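One structure is given below, encoded as structure tokens.
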Amino acid sequence: MNKIILAITGIVVIVGGILVSGAVFTVHQVQQAIVMQFGEPKRVIQDPGLHFKKPFLEDVIFYDGRILELDPPQFEVLLEDRKRINVDAFARYRIVDPLLYFQRVRNEVTARDRLGKLINPSLRRVLAKVKLVDILSPKRAAMMDQIQHDVTEDSRGLGIEIIDIRIGRTDLPPETSQAVFGRMRTERERQARELRAEGKEQAQKTRARADRDKVVLIAEAKRKSEQLRGEGDGERNLILGKAYGQDSEFFQFYKSLDEYKKSLIGNDTTMVLSPDSDFFRFFGDIKGKARK
Numbered sequence: 013m014n015k016i017i018l019a020i021t022g023i024v025v026i027v028g029g030i031l032v033s034g035a036v037f038t039v040h041q042v043q044q045a046i047v048m049q050f051g052e053p054k055r056v057i058q059d060p061g062l063h064f065k066k067p068f069l070e071d072v073i074f075y076d077g078r079i080l081e082l083d084p085p086q087f088e089v090l091l092e093d094r095k096r097i098n099v100d101a102f103a104r105y106r107i108v109d110p111l112l113y114f115q116r117v118r119n120e121v122t123a124r125d126r127l128g129k130l131i132n133p134s135l136r137r138v139l140a141k142v143k144l145v146d147i148l149s150p151k152r153a154a155m156m157d158q159i160q161h162d163v164t165e166d167s168r169g170l171g172i173e174i175i176d177i178r179i180g181r182t183d184l185p186p187e188t189s190q191a192v193f194g195r196m197r198t199e200r201e202r203q204a205r206e207l208r209a210e211g212k213e214q215a216q217k218t219r220a221r222a223d224r225d226k227v228v229l230i231a232e233a234k235r236k237s238e239q240l241r242g243e244g245d246g247e248r249n250l251i252l253g254k255a256y257g258q259d260s261e262f263f264q265f266y267k268s269l270d271e272y273k274k275s276l277i278g279n280d281t282t283m284v285l286s287p288d289s290d291f292f293r294f295f296g297d298i299k300g301k302a303r304k
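The sequence shown begins at 13 in the working numbering and counts up by one.
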């Protein structure tokens, strides 16, 4: 009898354990869940903790509650200036309505595919209205805001919230890169030629201005020199005139010394004069009396 009771008790415990384990489930902090019954959603659970369901009748589908990342394949875009670029974009999103998410996409694979199909045309539509230089300028932020706004509006029906969309990198196709680099090289060479030409022109102007200033300065210096020489000669003549009036013999002596200085300058001076010449009158007599 005891054995039968023990056996029944064991069976009850096992069945009870199975029922309890099938009726209790845990939703973690990073999860959200949908309780399903016969394939139909019954309720959404977004609060973490222990929750209950009908064993054998209800199942639970879990979805990630964290921010998820989407990195769609690189694709080519034609810009307004007819340039082609390869765009590598990425997005961050999260599931905000698990029930709508289940009804529209059901799983992450389908969700990523649907989001990629929303992001791709939005990027093409916005970038088709801008030039390559705009993508490399502060205008890029406004473009990304517009793309995020468009994709957010389109993804609301999927139970998804778009957190951010960014262009990771943009590359020119090889053939376009070569053409662009060629144009850039040509433009830089043209600018270099213009700068060199401007430099030469400025140098010529500077030299011409310097030459003109030099001529003016030299002419002014000569004018002042002549003026000073004239003033000096005038003062000298005035002084000599006064000296002649005061002592005519000394004046004659001074004039003779000046003549000697002018005549005997240089190492190769040769003079043929008579000893009785007036040129030597002061050699024999300090008073300069003429020789007979």
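The C-beta atom is built at its ideal place from N, Cα and C for all residues, glycine as well.
Quick caveat: nothing in here was measured; it's all calculated off a predicted structure.
Query: Cβ-based burial, V227 [other Cβ within 10 Å; buried from 16]; Result: exposed
Query: Helix, strand or coil at R96 according to DSSP, with G and I counted as helix; Result: strand
Query: Limits of the beta strand (DSSP E) - the one that H63 falls within; Result: 61-64
Query: As assigned by DSSP and simplified to three states, the class of D125; Result: helix
Query: At least 3 beta-carbon pairs within less than 8 Å: the region 101-115 vs the region 136-150; Result: no
Query: Residues of its chain near G77, where Cβ-Cβ distance is below 6 Å and the 5 sequence neighbours each way are ignored; Result: V42, Q43, Q44
Query: Segment limits, beta strand (DSSP E) that includes Q86; Result: That residue, Q86, is in no beta strand (DSSP E); it is neither H nor E in DSSP.
Query: Sequence-distant residues of the same chain with beta carbon closer than 7 Å to R124, five excluded per side; Result: L82
Query: Meets three-Cβ-pair contact criterion under 8 Å: the region 83-100 and the region 57-72; Result: no
Query: Residue environment, G171, which counts as buried when at least 16 other CB atoms sit within 10 Å; Result: buried
Query: The region 125-134 in contact with the region 209-217 per 3-pair CB rule at 8 Å; Result: no
Query: Proximity winner among Q239, L240, E243, K267, relative to L252 (alpha-carbon distances); Result: K267
Query: Contained alpha helix (DSSP H) runs [length at least 4] in the region 122-184, N- to C-terminal order; Result: 144-147, 151-167
Query: Anticipated Cβ contact below 8 Å, H40 with P53, distance rounded; Result: The pair is not a contact, with the Cβ atoms about 20 Å apart (cut-off 8 Å).
Query: From M196, I97, P110, R178, residue whose alpha carbon lies closest to that of M48; Result: P110
Query: Range covered by the beta strand (DSSP E) that runs through F37; Result: 36-39
Query: E88 beta carbon near the ligand FAD (any heavy atom closer than 7 Å); Result: This structure simply doesn't include the ligand FAD, nor any ligand for that matter.
Query: Length of the line joining the Cα atoms of Q214 and A233; Result: 28 Å
Query: Close-in-space but distant-in-sequence residues of the same chain around I174 (CB under 7 Å, 5 per side omitted); Result: A103, Y105, Q160, V163, T164, S167
Query: CB contact flag (K65, F87, <8 Å); Result: no
Query: Which of helix, strand or coil DSSP assigns to V42; Result: coil
Query: S135 burial status per 10 Å Cβ neighbour count (16 or more: buried); Result: Looking at the sequence provided, one finds Leu at residue 135 rather than Ser. With 16 or more Cβ atoms within 10 Å of its Cβ, L135 is classed as buried.
Query: Distance CB(I97)-CB(V108) smaller than 8 Å; Result: no
Query: Reference G51; option with closest CA among H63, A231, F68, K217; Result: F68
Query: Delimiting residues of the alpha helix (DSSP H) encompassing R78; Result: Note, R78: premise wrong, no alpha helix (DSSP H); not H, not E.
Query: Inter-residue spacing [alpha-carbon to alpha-carbon] between K217 and V138; Result: 51 Å
Query: Rounded Cβ spacing between D156 and I177 (contact assumed at less than 8 Å); Result: Before going on, a small fix: residue 156 reads as Met here, not Asp. With a Cβ gap of about 6 Å, M156 and I177 count as contacting.
Query: Rounded C-alpha distance that separates F114 from I57; Result: 13 Å
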